[in-house]
Amino acid sequence: MKTILSIFALVAIATAQEPEACAVCRQGTGALMAALGTEEALEWQQQTLIEEGCSQTEDPAGCAAGVETW
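Residue 358 is where the sequence shown ends in this note's numbering, and the numbering goes up by one at each step.
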């Protein structure tokens, strides 16, 4: 009986279709990630981390060096 239920569950999962919104969400997420990965965006992210984040740490210079390194 457990085997039959397991097979039924696997078939149900394999044949289930994703909601239409998943494709839209995946497309939007892809566009966002592409925009965040440009050289200009990466430089902005790095500068923002240094100015806004590192200034709040005990060692701002060390934090900035870490951000610039990694």
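From the three backbone atoms N, C-alpha and C, an ideal C-beta is built for every residue, glycine too. These numbers were taken from a predicted model, which means no experiment stands behind them.
How would you call residue i, buried or exposed, if buried means at least 16 neighbouring beta carbons within 10 angstroms?
i      : result
Ala353 : exposed
Assuming residue i contacts residue j under a Cβ cut-off of 8 Å, what Cβ separation, rounded to an integer in Å, is found between them?
i      : j      : result
Glu356 : Gln334 : 7 Å
What number of angstroms, rounded off, separates the C-alpha of residue i from the C-alpha of residue j?
i      : j      : result
Ile295 : Trp358 : 47 Å
Glu306 : Ala322 : 24 Å
Ala311 : Gly325 : 21 Å
Gly341 : Glu327 : 20 Å
Glu331 : Ala297 : 48 Å
Ile338 : Gln315 : 31 Å
Thr317 : Glu308 : 15 Å
Go ahead and pull the three-state DSSP assignment for residue i.
i      : result
Gly325 : coil
Glu346 : coil
Glu231 : Outside the displayed range of the chain (289 to 358) lies residue 231, so it cannot be described from this structure.
Trp358 : coil
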